Amino acid sequence: MPLHLRQAALADVPGMATAGVNAFENDEINLTMFPHGPNPTPDRHRADRTRFRAWMTLDRMVKPGGVSMIVVDDEQDGRIAGYAQWLRPAPPDGRELEPPMVTEEEAASAPFETEKKPPSFAEETLVEFLVAQKKEEERVLGPDGKKDVWYLIILAVDPAYQGRGVGKMLVQWGVDQAKAQGKGLFLSATPAGKPFYTRIGLEDVGAFDIWGVPQTSFVLKP
Numbered sequence: 021m022p023l024h025l026r027q028a029a030l031a032d033v034p035g036m037a038t039a040g041v042n043a044f045e046n047d048e049i050n051l052t053m054f055p056h057g058p059n060p061t062p063d064r065h066r067a068d069r070t071r072f073r074a075w076m077t078l079d080r081m082v083k084p085g086g087v088s089m090i091v092v093d094d095e096q097d098g099r100i101a102g103y104a105q106w107l108r109p110a111p112p113d114g115r116e117l118e119p120p121m122v123t124e125e126e127a128a129s130a131p132f133e134t135e136k137k138p139p140s141f142a143e144e145t146l147v148e149f150l151v152a153q154k155k156e157e158e159r160v161l162g163p164d165g166k167k168d169v170w171y172l173i174i175l176a177v178d179p180a181y182q183g184r185g186v187g188k189m190l191v192q193w194g195v196d197q198a199k200a201q202g203k204g205l206f207l208s209a210t211p212a213g214k215p216f217y218t219r220i221g222l223e224d225v226g227a228f229d230i231w232g233v234p235q236t237s238f239v240l241k242p
């Protein structure tokens, strides 16, 4: 089978970043965080977004409790068709979170470029987005509800692989984990992603607005 699902590793981060940049090229939230202008040039603008997405992807992989899954194309030398990054539910009885996928030492010596604050990034917009997102999480899940669900941080599918079931493979993996553990699932969707999550049977529980763009919350109840 040319496309298959597996857990991501440190070496996959550059390919994940590329898939993410491609996936969100015309996304309104992305365009607000990385506004186009006379400077930088389009190539530099893309390079900034790629380094930032590599940093963000890697940052999630060094945090305990997270898990990153990818779909790779064996017929294209392992090209990454899409990825999902999840946060697991907190373990019961005060047990420690699952260890990170990548250690801080490994991340520090990663053989690729990352950048937390590239020149074309409007940093204040990320803060605004995270504040709005946290408020929505508390509305839907309660103040501690995020700790008891499988939380989809991001789903990105390269447009070259749209319509080939990549997104479904990635989300179904999380759905299966949640069901096996008797847990719920939570995510927020862009306008472009909303029809997909509706089709796979998740429950629409309302939306929040950021910069005039609705982000729809979906859940799977335990």
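Heads up, the sequence shown is in this note's numbering, so the first residue is 21 and it goes up one at a time. A virtual CB, placed ideally from N, CA and C, is assigned to each residue, including glycine. Small disclaimer: the values here were computed from a predicted structure and weren't measured.
| Asked | Found |
| --- | --- |
| Contacts around M66, its chain only, beta-carbon distance under 7 Å, and the 5 residues preceding and following it disregarded | The question names Met, but residue 66 is Arg in the sequence shown. The residues are V41. |
| Contacts around A227, its chain only, beta-carbon distance under 7 Å, and the 5 residues preceding and following it disregarded | P234, Q235, T236, S237 |
| Test item: CB-CB of V91 and G102 under 8 Å | yes |
| E247 (DSSP reduced to helix, strand or coil) | The chain is shown only over 21 to 242; residue 247 falls outside these bounds and no answer can be derived. |
| Separation of T70 from E124, as counted between CA atoms | 20 Å |
| Status (buried if at least 16 other CB within 10 Å, exposed otherwise) for Q105 | buried |
| Coil, strand or helix - F132 by DSSP | coil |
| Cα-Cα separation between L222 and V169, rounded to whole angstroms | 14 Å |
| Exposure label - A200; buried when at least 16 CB within 10 Å | exposed |
| Closest by C-alpha distance to G187, when choosing among K166, A209, E144 | A209 |
| Check whether E133 and A39 have beta carbons under 8 Å apart | no |
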